[in-house]
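Worksheet: one structure, shown below.
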Amino acid sequence: MSDKEQYASAVNPNLTRASKMSRFLNQKTVLIFIMIVISIAVTVTNQNFISLKNLFNILSAVSVVGITTVGASMVLITGEFDMTLGPVFSVTAWLMALFTPTYGAALGITAAIAAGIIFGIITGLVVVNVKANSFIVTLALGSVYTGVGLLLNRGAYSSMSGFFTIFKEKIFGVIPYSIIALLLVLLIAALLFKFTKFGRSIFLLGSNQHAAYLSGIKVKFNKVMVFAVAGILYGIASIVLVSQISVAMNYIGVPYTLASLAAAVLGGVVLGGGKGDVLGIFLGVLLFGLVTNAMILMQIDPYWREIVNGAIILIALSVTGYLESKE
Amino acid sequence: MEIPHDNLVLQTKKIIKNYPGVRALNDVDFDLKEGEVHCLVGKNGAGKSTLIEILAGSIKPDGGIIEVFGEDYNQLNPTKSIALGIETIHQENFLAQDMTVAENIFLGNLKKNKAGFFSMRKCIKDAKEIFSSLDVSINPSVLVSTLTPVEKKVISIAKAFSENLKVLILDEPTAALDEEVENKLFKTVKNLLSKGISIIYISHNLDEIFLLGDRVTVLRDGKKIATHFIKEVDEKKLISDMIGEEKAEMTREKSTAIFEGELEVKNYSRRGVIKDVSFKVKRGEIFGIGGLVGSGRTELVSMVFGIDKKDSGKLILNGKDITPKNPVDAINKGLGFLAEDRKTNSLMLYRPIYENISVVDLIKRSGAFLKLQKERKSVQDISDKLNIVAPSINQLVVKLSGGNQQKVVFGKWLIANSDILILDEPTVGIDIGAKEEIYSLINGLAKQGKIIIMISSDTPELASMCNRVGVMRAGKMIKILEKDEVSEENILKYSIGSQS
Amino acid sequence: MNNNIQNNIAADAGTGTSRAADIFKKQEVFLAIVIVVLGVIVSIVNPLFLSLQNFFNIVLAVSITGVATIGLSLVFISGEFDLTLGAMMSLQCILFATFATKINPAVGIILTLLFGLVFGAVNGFFVTRIRAHSFIITLALLSVYSGLALVISKGNWVSMVGTFMVFKNKIFNIIPNPAIVFVIALIIFAVVYRYTNFGRILYAIGGNPQAAYLSGLKVKNYKILAFTIAAVLYSVASIVLVSMLGTAQPTSGDVYMLEAFAAAVVGGIMMGGGKGNMLGLFLGVIVFGLINNALIIMNVDPFWRDVVVGAIILAAVGVSGFGASRK
Numbered sequence: 354m355s356d357k358e359q360y361a362s363a364v365n366p367n368l369t370r371a372s373k374m375s376r377f378l379n380q381k382t383v384l385i386f387i388m389i390v391i392s393i394a395v396t397v398t399n400q401n402f403i404s405l406k407n408l409f410n411i412l413s414a415v416s417v418v419g420i421t422t423v424g425a426s427m428v429l430i431t432g433e434f435d436m437t438l439g440p441v442f443s444v445t446a447w448l449m450a451l452f453t454p455t456y457g458a459a460l461g462i463t464a465a466i467a468a469g470i471i472f473g474i475i476t477g478l479v480v481v482n483v484k485a486n487s488f489i490v491t492l493a494l495g496s497v498y499t500g501v502g503l504l505l506n507r508g509a510y511s512s513m514s515g516f517f518t519i520f521k522e523k524i525f526g527v528i529p530y531s532i533i534a535l536l537l538v539l540l541i542a543a544l545l546f547k548f549t550k551f552g553r554s555i556f557l558l559g560s561n562q563h564a565a566y567l568s569g570i571k572v573k574f575n576k577v578m579v580f581a582v583a584g585i586l587y588g589i590a591s592i593v594l595v596s597q598i599s600v601a602m603n604y605i606g607v608p609y610t611l612a613s614l615a616a617a618v619l620g621g622v623v624l625g626g627g628k629g630d631v632l633g634i635f636l637g638v639l640l641f642g643l644v645t646n647a648m649i650l651m652q653i654d655p656y657w658r659e660i661v662n663g664a665i666i667l668i669a670l671s672v673t674g675y676l677e678s679k680e
Numbered sequence: 024m025e026i027p028h029d030n031l032v033l034q035t036k037k038i039i040k041n042y043p044g045v046r047a048l049n050d051v052d053f054d055l056k057e058g059e060v061h062c063l064v065g066k067n068g069a070g071k072s073t074l075i076e077i078l079a080g081s082i083k084p085d086g087g088i089i090e091v092f093g094e095d096y097n098q099l100n101p102t103k104s105i106a107l108g109i110e111t112i113h114q115e116n117f118l119a120q121d122m123t124v125a126e127n128i129f130l131g132n133l134k135k136n137k138a139g140f141f142s143m144r145k146c147i148k149d150a151k152e153i154f155s156s157l158d159v160s161i162n163p164s165v166l167v168s169t170l171t172p173v174e175k176k177v178i179s180i181a182k183a184f185s186e187n188l189k190v191l192i193l194d195e196p197t198a199a200l201d202e203e204v205e206n207k208l209f210k211t212v213k214n215l216l217s218k219g220i221s222i223i224y225i226s227h228n229l230d231e232i233f234l235l236g237d238r239v240t241v242l243r244d245g246k247k248i249a250t251h252f253i254k255e256v257d258e259k260k261l262i263s264d265m266i267g268e269e270k271a272e273m274t275r276e277k278s279t280a281i282f283e284g285e286l287e288v289k290n291y292s293r294r295g296v297i298k299d300v301s302f303k304v305k306r307g308e309i310f311g312i313g314g315l316v317g318s319g320r321t322e323l324v325s326m327v328f329g330i331d332k333k334d335s336g337k338l339i340l341n342g343k344d345i346t347p348k349n350p351v352d353a354i355n356k357g358l359g360f361l362a363e364d365r366k367t368n369s370l371m372l373y374r375p376i377y378e379n380i381s382v383v384d385l386i387k388r389s390g391a392f393l394k395l396q397k398e399r400k401s402v403q404d405i406s407d408k409l410n411i412v413a414p415s416i417n418q419l420v421v422k423l424s425g426g427n428q429q430k431v432v433f434g435k436w437l438i439a440n441s442d443i444l445i446l447d448e449p450t451v452g453i454d455i456g457a458k459e460e461i462y463s464l465i466n467g468l469a470k471q472g473k474i475i476i477m478i479s480s481d482t483p484e485l486a487s488m489c490n491r492v493g494v495m496r497a498g499k500m501i502k503i504l505e506k507d508e509v510s511e512e513n514i515l516k517y518s519i520g521s522q523s
Numbered sequence: 010m011n012n013n014i015q016n017n018i019a020a021d022a023g024t025g026t027s028r029a030a031d032i033f034k035k036q037e038v039f040l041a042i043v044i045v046v047l048g049v050i051v052s053i054v055n056p057l058f059l060s061l062q063n064f065f066n067i068v069l070a071v072s073i074t075g076v077a078t079i080g081l082s083l084v085f086i087s088g089e090f091d092l093t094l095g096a097m098m099s100l101q102c103i104l105f106a107t108f109a110t111k112i113n114p115a116v117g118i119i120l121t122l123l124f125g126l127v128f129g130a131v132n133g134f135f136v137t138r139i140r141a142h143s144f145i146i147t148l149a150l151l152s153v154y155s156g157l158a159l160v161i162s163k164g165n166w167v168s169m170v171g172t173f174m175v176f177k178n179k180i181f182n183i184i185p186n187p188a189i190v191f192v193i194a195l196i197i198f199a200v201v202y203r204y205t206n207f208g209r210i211l212y213a214i215g216g217n218p219q220a221a222y223l224s225g226l227k228v229k230n231y232k233i234l235a236f237t238i239a240a241v242l243y244s245v246a247s248i249v250l251v252s253m254l255g256t257a258q259p260t261s262g263d264v265y266m267l268e269a270f271a272a273a274v275v276g277g278i279m280m281g282g283g284k285g286n287m288l289g290l291f292l293g294v295i296v297f298g299l300i301n302n303a304l305i306i307m308n309v310d311p312f313w314r315d316v317v318v319g320a321i322i323l324a325a326v327g328v329s330g331f332g333a334s335r336k
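Residue numbers (my numbering), protein chains in the order written: chain A, 354 to 680; chain B, 24 to 523; chain C, 10 to 336.
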C-alpha cells in the first residue's frame, strides 16, 4: 500500500495530498461544519439546545421526512426522479387511517405498504418503458395517483384517533419510537447498499447505465425494484405520520416530495445518479431538522424558516461546487 | 497582407510538445503554401492531432516557433488563431440539429432585417450566396437533422468559411462517411482552394490523399519523417514511411499454444452495416480484426455480444449454438466484451475500483448478498496482478490514469473468468508501459486457452499480437490474413483498399 | 461506440417508419386531434359546449397558467429547469397586492415587474454560477421565495378588493381581459422565438450548447436573460391573478408550478432544450382547459380530473416521444 502511494505521489505529487484533502473536504464535512456553527450560535442564546432531549426532539421531527428521503434517494441514485412520492404517501396514509379503527393496525399497515408496493411497481414499469424524462412521467403518474386517492375517499378525511399511537410514544419515556423507525430504515438502507447485490447494482447502473448493461446488470428490473422499495418507504413514512397525528387527508404527502429531494441532494445524492450514501442522507435531513429546531428555540418568526432552508442549500452547493472545482 | 517567401502562409519551426513520459512532437517543421492542400499522415499517436491543436491554439507547445504570415509566435490561443484566419473542422460536427442550415451557418452572427428583427430570409439569402460561391447544393432552409452525414460535414466547412478564412484544418473529415464524399465534400474543398484558402488535411485514407493533396507530410512517433510532393510519391513509399524501417516484426512473442475446440462466428449480417461476416477462432489463438474506423468492426462485435440487432448470424462454440440474445445472456454463456471508449461503455467513473472490477462476477453469482471480504481479496489480487497504480482499491476510477482505467476494465473480465474475450481497441489512449503490460496479459490469457478476438486501429499492435487477422472494409470482412500473411503492410493495404 | 450504435438504431427506426406516421409524431397534430375528439364527444353530450361564451370561459380559465407557461418555456428551451415559478408567483401576488393597496395600482404594477426582473436575474445568476443541476438550485430558490411571501404577508391574506379589478372585466362584455393578456403574450413570444436573434439563440443554446459556445455566443448571459424574462412573465401572470381574485395569499401561485410544467411538456416544449413553439404551447394549455371544462359540462365526477390530466400527460409524452430530455 505505502509502496503504491509513494509511487503514485512520485508520478503525481499532488495526487495523494489532493485525495486526502478531498476526503476531508467533501459535502458531508460542509454539512457538519454548518451544523456546528449553527449549534454554537444557538447554544450561546439558549442553553437548552445542546441536550439529549432536544436532540431527540430534532430527530423525531425529521423522522417522517427522513424515511421518505431514503426512498427518494434510492430512485435518484439510479438516475431517475420520483415525483409520485407525495401522492403515494397521501393514499397510503389515508388507507392506514381508514383500516386501522375497523380492522386493526396490522391490516392498516399491510394495506398502506401493499399500496406503496403496487404504486411503486406501476411507476417503475411506466418509467422504464416510456421513453421520456422520468420527472415528467412521474409527475403525470402522481396526478393519476392523486386522482385515484380522491376517487376512493371522495375527498374525505379519515381519522384513527386513539388507535395505533405508538409513534407518539417513547421507549422508557425517553426515546421516541419514531426515531427508532427512522434509524431502523437508515440502518437497513445502509446494509442494503453495502451488502446486497441489489444495492450495489443500483449504484453501478446509476453511475453508467450503459456500462452496467454491458456488464450484465438487469437495468430495467433493478429500476422497477427501486421504485417498489421506494413505495414501501413512502408507505412506512405515512404510517409513522398518521400514528402521530391520527388523521389523514388528501395532499397530506405533498410537501414531502420536494423536501425529500432537497434533503437528498443536500446530503450528497447527485441528480443523474450513482452517488450518495446513507450517512449523507441522514446529515442532509438532520441539518434541516436542526435549523428548524434552532429557529424555534430562538423564537424566530417561523416564516423565515423556508428562506433559511433555501439559503442553506445554496450555500452548501456553492461551497461543495467550489471545492470540487479546486480539486 | 504581405505574404513573404514563396507564398508561405504558415510555418512551424522545431515545434516540441512533451506529455508526461512521452514526447508527442519532436522538432517538427511543417509549412503550408497559399492555395495548397497539405496532407498530414501517420499512425495513431504519431502526433498529427497535437500538431493541429497547436495551430488551432488549444495546446501550447513547449518549444519552437509558429510563423503565420511572417509573424512569429511562441504559442497561439483559440481566439488568436481564429483572428489569424485559422479554422479547424473537427471530426465531430458541432451543429444545432433542430435549426435550419442557414441559422447554423450564422449562429454567432444571426442576420437581422432593417427593423432589427431576426430575418430567416436574410440568413437564407446570405447562406445561399456562400453556398453558390462554394458550389454547394444544399437547401439552406431545411433543418440540419434532415441532412446526410456528408452534408453535415459540408455545412461545418461552410460555417467556417468567411472573408477572414485563410487556413482550414480538416481533421479526418471522411472518417464516419461512406457515400457521396467525392461529389459533395471534395467539390467543396476544391472550391475553397480556388478562393486562395490553404488546407491542412488529415486522413487515414490514402486514396483521398492522392486525389486531393499537393504535398504530404508523414509523422511518426512525434517526428517528421518526410514531406513529399504527391506527384513524386506512391502508396508503398508512404506506408513504409508511416511504419518505419524497423518494420513491425517486433520481438513480441505470439501465443502459439493451441487447444481443442474453436469458436465460429457465422454469417453475421445487418442491412446497410454488416454483410455476411464469418470467421473461426481456435482456442488459445488471438484473432485480430483490422480495418479503418467506420468499417463495421465495432458494429460486428456489438452484434456478436448481443447488444445490437442483427438480421442473421450465429455464434457456435465447439459445434454448440451459443448465440447470445443480450449482454446478460452473453455473459452467462462465457463471453466477455471489453468495449471501446471505456468512459462511455465500461466504467462507472464515480464508483471505486473494486466495484468496477467485481461487477460482472457479482452479477453472475447467485444469492442476494455480497461476500465483501472475498470480493475485496479477489479484487486486490487482480489489482496487484495487473499492477494497478492507486492508493487503494477504494479509489474512484475517475481519478486514475487512462492506462490504469483500462486495467480496471480488464480486471472486470479477468475476475469473471470469461472464456471468450472480445477486446475492442484495448490499448487506446494509454501509455507505452501500460500497453506492454496489457499485451503480455492478453498473451497470457491466450496461453491459458481462452478464445480472444481483438479489434485495433493500431496496425503494428495487430500485426505483432495476432495469429490471424481479418480485415474489414465497408461492412465486409474482405480478407483473412493467415499466419505468415499477418503484417502491418498487408493489414494497411487491405484496410485502405489498395489493390497493388 | 455508443454513438455509433445509437445512430444505427436511430437509422433503423427511421427506415422503419413511414412519413405518414411521422406526422402523428408532431406534437401539434397530436394535440389538435385530442382537442377535436374531446370537443366532438363533449358537444354530443352537452350542446352548450359549442358556444362562444364557453370558448372564452375555457381561454379565461387557462390564461394565467398560459402566461406563466410562456415564461417557463424560455427556461425550458434554453435547456434549464425553473421550479421557482409557483413560489415566485405567490411572492409577486403578495407584493402586487401590498403595493397596490399601500401606494397605488400603477406603482404596484411597475414595482412588481421590477421585482420580477430582479428575482429572475438572481435565478439566472445562481444557475449559471453554481456547478449543480438547475433543478436543485431553483428548488432552493423556491424555498427562499415562498419564505419571503410568508414573511412579507406575515402569513395573512392581502385584500385589494375594489382597488384594481381590471382583469375581472370583459371587453365588449364577452372577451375576458386576462384572455387578451394571454393572447398578446403568445403573439409577442411567437415573434420573439421566430423573429429575434434572442429567440433563435435560445433554441441553439438548448439544442447544442457546445455549438453555440463555439460560435462565440455568451451562453451564460443568454440563460440569465431567459430566467429574467421568465420571471417578468410570472409577474404579469400574478398581477392578472390578483386583480381577478381581489386577494392575494402567500400560496396563491403555488398550484401554477405543476400546471405550467404539465402544459409546457404536453405542448411540446422540450425539457432539456432546443424545441418547442407557441402554437404547441397554446394547444397544450388549451387541452388542459378543455378537459376541466368538459368534465364540468359533462357533469363528470370532479375527482376524475387528476386521473385524466395525468393520463393526458402520459399519452402526450409516451405517444409522441416528446418531453424526452436529451442526455
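Cβ coordinates follow ideal geometry from the N, Cα and C atoms, glycine included.
Can you say whether residue i is buried or exposed, counting buried as having 16 or more other CB atoms within 10 angstroms of its CB?
i: L59 (chain C); result: exposed
i: D331 (chain B); result: buried
i: K408 (chain B); result: exposed
i: K270 (chain B); result: Note that K270 (chain B) has pLDDT 46, beneath the 50 cutoff, so the model's placement of it is unreliable and the number below is only indicative. The residue is exposed, with fewer than 16 neighbouring Cβ atoms inside 10 Å.
Residues in the same chain with beta-carbon distance under 7 Å from residue i, minus the five sequence neighbours each way, listed in chain order, please.
i: F452 (chain A); result: L460, G461, A464
With a threshold of 8 Å between beta carbons, is residue i in contact with chain A?
i: K270 (chain B); result: Because K270 (chain B) carries a pLDDT of 46, less than 50, the predicted location of this residue cannot be relied on, and the following value inherits that uncertainty. No, because no Cβ of chain A sits closer than 8 Å to the Cβ of K270 (chain B).
i: Y373 (chain B); result: yes
i: K284 (chain C); result: no
Looking only at its own chain, which residues have a Cβ that is under 8 Å from the Cβ of residue i, when we skip the five neighbours before and after it?
i: I519 (chain A); result: Y530, S596
Determine whether the Cβ of residue i lies closer than 8 Å to any Cβ atom of chain B.
i: N217 (chain C); result: yes
i: I210 (chain C); result: yes
i: S247 (chain C); result: no
Kindly indicate which residue of the options has the alpha-carbon position closest to the one of residue i.
i: I668 (chain A); options: C:V153, C:A221, C:L40; result: C:V153
i: K628 (chain A); options: A:A664, A:V441, A:V428, A:G495; result: A:V428
i: K103 (chain B); options: B:R365, B:I416, B:K397, B:V91; result: B:V91
i: A469 (chain B); options: B:S479, B:M488, B:I416; result: B:M488
i: G281 (chain C); options: A:G469, A:A615, A:S487, A:V622; result: A:S487
i: K284 (chain C); options: C:S82, C:A320, C:P311; result: C:S82
i: E59 (chain B); options: B:V32, B:D481, B:A47; result: B:V32
Where does residue i sit, in a helix, a strand or coil, going by DSSP?
i: G80 (chain B); result: coil
i: M513 (chain A); result: coil
i: S671 (chain A); result: helix
i: N466 (chain B); result: helix
Looking only at its own chain, which residues have a Cβ that is under 6 Å from the Cβ of residue i, when we skip the five neighbours before and after it?
i: S511 (chain A); result: W447, A450, L451, A601
Would a check of beta-carbon distances place residue i closer than 8 Å to chain C?
i: D435 (chain A); result: no
i: Q120 (chain B); result: yes
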